[in-house]
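Asks: As they're listed, the protein sequences go chains A and B.
Mind the numbering: the first sequence is residues 1094 to 1339 in our numbering, read in order.
Mind the numbering: the second sequence is residues 331 to 1159 in our numbering, read in order.
First, the structure itself, so that you have it in front of you.
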Amino acid sequence: MIEKTNLAQGATTAMLRVENLSHRVDLGNDTLTILQGVNLEIKRSESVAIVGRSGSGKTTLLGLLAGLDTPTEGVVHLDGARISELSEDKRAQLRAQRVGFVFQSFQLLPALTALENVMLPLELGGHKEPAARARELLSRVGLGERLTHTPRQLSGGEQQRVAIARAFAADPIVLFADEPTGNLDNHTGQAISDLLMTLNREQGTTLVMVTHDELLAARCERQFHIEAGVLTEPASLQRAQEEPVQ
Amino acid sequence: MNGASQKLSSVRRDWRERDVRVVLAALIIAVATVATIALFANQLQHTLVSSASSFLAADRQLEAENGRPVPTEWRAEARSRGLQTARMVQFSTMVFGGEQFQLVSVKAVDDDYPLRGEIEFQPALGAPRTMTSGGPAPGEVWLNPRLLKLLEVEVGDTIDVGERTLEVSGLLIREPDGGFNMTALAPRIMMHHEDVAATGVIQDGSRVEYVNLFAGDEPALERFYSWLEPRLEPGHEWESIRDGEALSESLARAERFLLLGGSLAVLLAAVAVAVASRQYAIGQRDTVALLKTLGVSSRAIGKLYLSRLALWGLVGIIGGLVVALPLFWMLANLVSEALDRAVDIHFDVSALTPAVLTAVVSLFAFAYPPIRRLRDVPAMRVLRSQPGEAGTRAWLDVLIAVIAVFGLVYLYAREVSLVLALLGGLAALMGTLALLGWGLVSSLKHMSGGGNAWRLALIGLYRHRRASMSQIAVFAMTLMLATTLILVRSSLLADWQAQLPESTPNHFLINIAPEAVDDVRAFLEARDLPLDTLYPMVRGRLTEINDQPVRQAVSKDAKVNALNRELNLTWMDDLPADNRIVDGQWFEEDQTQGVSIESELADKLGVKVGDTLTFTIGSDQVSEPITSIRTVQWDSMKPNFYMAFPPGGGLEGMPATWITSFYLEGDEKSDLNSFARQFPTISVLELDHIIERIQSIVKQVAQAIEAILALILAAALVVMAAVVSATLQDRQREGALLRTLGGRRSLLVRSTMLEFALLGLFAGILGVVAAEAAVWALQYRMFEGEFRWHWNLVIPVPLISAMVLALLGRSQLKPVLNVSPMLLLRRLE
């Protein structure tokens, strides 16, 4: 186990650093370039949004940043580790200890109850009292009374709250969110993003969010745009980091 | 990490997943079916061996037909080897009761008789019958009830057997070894062995049969026989249960049927587990991707699923046994009812091995491969499904699975021909399926949408062609297995019915002198008793094969009982209806040369058409070439012969008596008394009790077979339901979409039912064709019947399968029809 404290070597250390990242997919007789020459640096506890249209490559970028996949070219450093060069199992270990996820489609295990879903990362991490911690988190997200419900018995918004509780369960230092409100109506989406931002601030987690929702993106400290696999950081949006949106 | 794996694979969590429930149900049914059948087959074997043993009143009999008692040191040797022994003497003599006298067949038994089975006894006419485990005491005699009238005596009177006077102390209803024995003459009396000497009946040269009985465990009996064999003389005959007893053939077939049933259960289980676990694996991909995202390594995932499989195996085995044991107990009781006596439950733990192996092999050969591949699911799948995931080396898995499961069937049934027949049936099925698939694709390719149910159904079949094909394959396989079993069972039952029909001859007339033949015929015709053919019978010994003494010509290892005794030789014009020529030709009209030999004996002797056989009949020798080899229905309860000569052939002029059999109803028994008075020298052999007993056993075994068939059909239905429900979600989503897009409920119902009906129809046709192929292969090798096309199943099976599947399809739509499409779509997300 790599101790988290070892990794916080001074304030200048980037939580995520991407160097010249490219990703291509082989389609047999053709090659599809999804990402091209991406460079990016995200500081500890920073919240960052990556905004782009469908098919722009933003989800692929998120997957590579989180170490779910490895790039065709380039290097990804996560909390000091070159995760793009680690084996699948080493990356898994890293994710277990430092990374949390929130997905557009929630990704709860249908056979498990809300409580069991939240307990899952705690059990995997060898937490001593996973049930107590999971209960506490579910109360935090307002589902203290729904512990034994399975995902089917919960609304979309409730499912996403369970997913957020799960994401924060193992005290990640970086949280990746893929269109967290993409499957929810405006009102519920607003509530979920509030919850996500609040928890994120309280825990001091680094947040990397992919979205096509400019308003949600505006709640992050920095925004990047991605189009046809090329990442840019528009100057016009940089002011947003000075005045957090409530 | 370990703790987490354990928690993840808890049965409680698994049970919430539908696919796991299907896998577990398939496993439980498989283990239950295989275990029940194996236990029952074992029980049957045990019961029948003990029941058949009681046909000998022992496990083995040593008969001496040479007029000399069996040496006493042989019995001592047997006892020193831990075997039980008993003695009896059989002979015919006149007995006197007051004014009347009658030729009887005497059986004198010692205190240890019978070693197996019981004697049915009646203390007096009209008194209740009881079973007893010993014969009459010294000084007493038990009579066949018919003799009371013939001798004009009552229970309590005395009769004279030779010089000894014995008190009639009861009636002999049935002796356990009252089997088919040509030397048994006249009505039976039973007395004590000790009284034989005092009768003075047995003189040098008297025709007496000394019999020693042996019982004990099988290896000890075998070892004793090895010791005994070199000491046996001509005229000594060692008899074991399986030699030509009427029951054994029928029961051997019943056992084989059970084996077949068990093998099919194994196959069905494998199919069910394969289908359900594949479905499960597909459903688990998202979970695996999520677990990887949460940091679980591929190895840990591999381990996690392996431990799940092991857990399922355990649950399947325990659950299966919990179901199997009461079922087995029920079937065993059925047999006990049939035999009209308490059957000790023979619970053989080793019989459970195939059941346990079935669970283990189905899981590891069929469920493991798709589940193992879960390790390779990319974590990136949580964000979006990845290209190339569907690509598998499935054919290798299938090959391994097929080898494993057929290996299992072989281990189980130990019949290469069974495995080959089933493989052949499956190959026929797959071949036809490939053709059908090609036809389906090419004929439906140009079909385009429309609002009509038929078009929707056909388009549905085409668009899901991969799924349709694999569903048809599984349905067809299931139907093939079930149909095969139904066909074999029907032919088995028909064979039994044919073999011992209602009016099976149950009395034999033996020792009919040539001049009495016409009178006997007239007597029976006058009473409207159907008479079988009358056969002449000449007793002779086979002494030479191709001019070489048989003892040299036939290897010593071949235990040929027929060489140890006189054979009944006959001549006949026509081949008996139930005999079949397997080599050579039956006698032409006017042919006087040649002999026809029974095929099994021919095999044992190693003789073929053209070889010359020499028989010693009295002081004469007869040599004839073998002109035909024929099969004989030993269990037909008709006179059967190893050797048949043409009329006017080698047996011409030899001293013959005649033999025939006829059917007599229970209430016509008094006719036997008139017969005995008119023909005092003709022996009547009463087999009605034995035949009734066989018929009742066969009936109960048939019932057990029906029960097992029902079990297997239930298993087949579970497989089909598993396959149908495998596509449940897709179907429901499509149904919801169709309704959202404005499809009427009735259209949805009709098109879905039609689609499934078509699937069922195709599968039914394929299944029946494959079953016919398998039965064709099985029939001859295993059940020795003639093959014919079974129209009574060819038409209904596809129709029933179409109907059942249409209904199964309809039942899946239920949630789609009763819920608003919006709710449904949300639920299915």
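We put the beta carbon where it would ideally sit given N, CA and C, even for glycine.
Run through chain C and tell me which residues come within less than 9 Å of GLU347 of chain B, C-beta to C-beta.
Replies: Chain labels in this structure do not include chain C; the protein chains are A and B.
Asks: By alpha-carbon positions, which one of B:GLY755, B:LEU788, B:SER556, B:ASN782 ends up nearest to LEU770 of chain B?
Replies: Walking along the second sequence from the start, residue 770 of chain B turns up at place 440. Nearest C-alpha to LEU770 of chain B: B:LEU788.
Asks: Name, please, each residue of chain B whose Cβ falls closer than 9 Å to the Cβ of PRO1214 of chain A.
Replies: Reading the first sequence from its first residue, position 121 is the one you call residue 1214 of chain A. Going along chain B in sequence order, the residues near PRO1214 of chain A (Cβ under 9 Å) are LEU624, GLY625.
Asks: With DSSP collapsed to three states, give me the class of ARG703 of chain B.
Replies: The sequence position of residue 703 of chain B within the second sequence is 373, counting from 1. The answer is helix: DSSP assigns ARG703 of chain B an H, G or I state.
Asks: Is there at least one Cβ from chain A nearer than 7 Å to ALA1066 of chain B's Cβ?
Replies: In the second sequence, the residue the question calls residue 1066 of chain B occupies position 736. No, ALA1066 of chain B does not count as interfacial toward chain A.
Asks: Scan the segment 1248-1283 of chain A and note each continuous alpha helix (DSSP H) run of 4 residues or more that stays entirely inside, going in chain order.
Replies: Fully enclosed alpha helix (DSSP H) runs of 4 or longer: 1249-1262.
Asks: Looking at the unbroken alpha helix (DSSP H) that takes in ASP849 of chain B, where does it start and where does it end?
Replies: As a first step, residue 849 of chain B is located in the second sequence; it is residue number 519 there, counting from the start. 847-856 is the extent of the alpha helix (DSSP H) around ASP849 of chain B.
Asks: Run through chain A and tell me which residues come within less than 8 Å of MET710 of chain B, C-beta to C-beta.
Replies: If you number the second sequence from 1, residue 710 of chain B lands on position 380. Going along chain A in sequence order, the residues near MET710 of chain B (Cβ under 8 Å) are GLY1156, LEU1161, ASP1162.
Asks: Express the C-alpha separation of SER1141 of chain B and LEU354 of chain B in angstroms, rounding to a whole number.
Replies: The count along the second sequence starts at 1 and reaches residue 354 of chain B at position 24. The count along the second sequence starts at 1 and reaches residue 1141 of chain B at position 811. Going by the C-alpha atoms only, they are around 22 Å apart.
Asks: Should ARG446 of chain B go down as buried or exposed, given a rule of 16 or more other Cβ atoms within 10 Å for buried?
Replies: By 1-based counting over the second sequence, the position of residue 446 of chain B is 116. It is buried - the Cβ of ARG446 of chain B has at least 16 other Cβ atoms within 10 Å.
Asks: Below 6 Å CB to CB, which residues in the same chain sit around VAL952 of chain B once its five sequence neighbours on both sides are set aside?
Replies: Your numbering for residue 952 of chain B matches position 622 in the second sequence. Around VAL952 of chain B: PHE945, GLY980.
Asks: Would you check if the distance between the CB atom of SER1115 of chain A and the CB atom of THR1152 of chain A is smaller than 7 Å?
Replies: Here the question's residue 1115 of chain A lines up with position 22 in the first sequence. Here the question's residue 1152 of chain A lines up with position 59 in the first sequence. No.
Asks: With a CB to CB cut of under 7 Å and the five nearest residues on each side skipped, what residues in its chain are close to GLY1148 of chain A?
Replies: Residue mapping note: residue 1148 of chain A aligns to position 55 of the first sequence, counting from 1. Nothing meets the Cβ criterion.
Asks: Considering Cα atoms alone, identify which of B:GLY996, B:LYS622, B:MET418 is closest to LEU1217 of chain A.
Replies: Counted from its first residue, the first sequence places residue 1217 of chain A at position 124. Comparing Cα-Cα distances from LEU1217 of chain A to each of B:GLY996, B:LYS622, B:MET418, the minimum goes to B:LYS622.
Asks: Could you tell me whether any Cβ in chain B is nearer than 7 Å to the Cβ of GLN1246 of chain A?
Replies: Here residue 1246 of chain A is taken as the residue at index 153 of the first sequence, counted from 1. By this cut-off, GLN1246 of chain A is not an interface position.
Asks: With a cut-off of 8 Å on the beta carbons, I'd call ARG714 of chain B and ARG615 of chain B a contact; round off their distance for me.
Replies: Reading the second sequence from its first residue, position 384 is the one you call residue 714 of chain B. Reading the second sequence from its first residue, position 285 is the one you call residue 615 of chain B. That belief does not hold up - the Cβ atoms of ARG714 of chain B and ARG615 of chain B are roughly 12 Å apart, past 8 Å.
Asks: Verify the CB distance criterion: does LEU704 of chain B have a CB-CB separation below 7 Å to chain A?
Replies: Against the second sequence, residue 704 of chain B aligns to sequence position 374. Taking Cβ atoms only, chain A never reaches closer than 7 Å to LEU704 of chain B, which makes this a no.
Asks: Quick check on this structure: which residue in B:LYS968, B:ALA438, B:ASP442, B:ASP487 has the alpha carbon closest to the alpha carbon of GLU429 of chain B?
Replies: Here the question's residue 429 of chain B lines up with position 99 in the second sequence. Cα-wise, what sits closest to GLU429 of chain B is B:ASP487.
Asks: For my contact list, GLY1090 of chain B and ALA1136 of chain B are in at a C-beta cut-off of 8 Å; report their separation, rounded to the angstrom.
Replies: Walking along the second sequence from the start, residue 1090 of chain B turns up at place 760. Walking along the second sequence from the start, residue 1136 of chain B turns up at place 806. Rounded, the Cβ-Cβ distance is 7 Å, consistent with contact.
Asks: Just mark THR1325 of chain A as buried or exposed, buried being the case when its beta carbon has 16 or more other beta carbons within 10 Å.
Replies: Sequence index remark: in the first sequence, residue 1325 of chain A carries index 232 (1-based). THR1325 of chain A should be labelled exposed.
Asks: Any C-beta of chain A sitting closer than 7 Å to the C-beta of THR762 of chain B?
Replies: Residue 762 of chain B sits at position 432 when you count from the first residue of the second sequence. Chain A contact via Cβ: absent.
Asks: What in chain A is Cβ-close to SER628 of chain B, meaning under 7 Å?
Replies: Your numbering for residue 628 of chain B matches position 298 in the second sequence. Going along chain A in sequence order, the residues near SER628 of chain B (Cβ under 7 Å) are GLU1181, ASP1182.
Asks: How big is the Cα-Cα spacing for ASP349 of chain B and SER1232 of chain A?
Replies: Here residue 349 of chain B corresponds to residue number 19 of the second sequence, with the count starting at 1. Here residue 1232 of chain A corresponds to residue number 139 of the first sequence, with the count starting at 1. Taking the straight line from one Cα to the other gives about 32 Å.
Asks: Apply the 10 Å Cβ neighbour rule to GLN533 of chain B and answer buried if 16 or more other Cβ atoms are within range, or exposed otherwise.
Replies: Translated into positions along the second sequence, residue 533 of chain B becomes position 203. Burial call: exposed.
Asks: Count the C-beta pairs between the segment 406-421 of chain B and the segment 354-367 of chain B that are closer than 8 Å, then say yes if the count reaches three, no if not.
Replies: The segment 406-421 of chain B vs the segment 354-367 of chain B: no contact.
Asks: I need the DSSP call for ASN542 of chain B, collapsed to helix, strand or coil.
Replies: One-based indexing of the second sequence puts residue 542 of chain B at position 212. Reduced to three states, the DSSP call for ASN542 of chain B is strand.
Asks: Tell me the DSSP secondary structure of LEU1201 of chain A in three-state form.
Replies: As a position in the first sequence, residue 1201 of chain A is number 108, starting the count at 1. LEU1201 of chain A: coil per DSSP, three-state reduction.
Asks: Would you list the one or two residues that DSSP bridges to SER926 of chain B?
Replies: By one-based count along the second sequence, residue 926 of chain B stands at place 596. SER926 of chain B pairs with B:SER958, B:ALA974.
Asks: Is any non-hydrogen atom of the ligand NAP found closer than 6 Å to the C-beta of GLU1178 of chain A, if you look at the structure I gave you?
Replies: The ligand NAP is not part of the structure shown, which contains no ligands of any sort.
Asks: Could you have a look at HIS290 of chain B and say whether DSSP puts it in helix, strand or coil?
Replies: There is simply no residue 290 of chain B to check, as chain B begins at 331 and stops at 1159 in what is shown.
Asks: I'd like to know whether the C-beta of LEU636 of chain B is nearer than 7 Å to at least one C-beta of chain A.
Replies: In the second sequence, the residue the question calls residue 636 of chain B occupies position 306. By this cut-off, LEU636 of chain B is not an interface position.
Asks: I need the boundaries of the alpha helix (DSSP H) containing VAL686 of chain B, first residue and last residue.
Replies: Within the second sequence, residue 686 of chain B is the residue found at index 356, counting from 1. Where VAL686 of chain B is concerned, the enclosing alpha helix (DSSP H) stretches over 683-691.
Asks: I want to verify the contact list: residues of chain B whose CB lies under 7 Å from the CB of LEU1277 of chain A, in sequence order.
Replies: Along the first sequence, one-based indexing puts residue 1277 of chain A at 184. Under the 7 Å cutoff, chain B gives no residues; its nearest Cβ is about 12 Å from LEU1277 of chain A.
Asks: In its own chain, which residues sit with a C-beta less than 8 Å from the C-beta of VAL603 of chain B, not counting the 5 before and 5 after it?
Replies: Counting from 1 along the second sequence, the entry for residue 603 of chain B is found at position 273. Correct list, in chain order: VAL353, ALA356, LEU357, ALA360, SER692, LEU693, PHE696, ALA697.
Asks: Please compile the residues from chain B whose C-beta is within a distance smaller than 8 Å of the C-beta of THR1152 of chain A.
Replies: In the first sequence, residue 1152 of chain A corresponds to position 59, counting from 1. Per Cβ cutoff of 8 Å: LEU713, ARG714.
Asks: State the beta-bridge partners of ARG910 of chain B as determined by DSSP.
Replies: Indexing the second sequence from 1 puts residue 910 of chain B at position 580. In DSSP, ARG910 of chain B forms a bridge with B:THR961.
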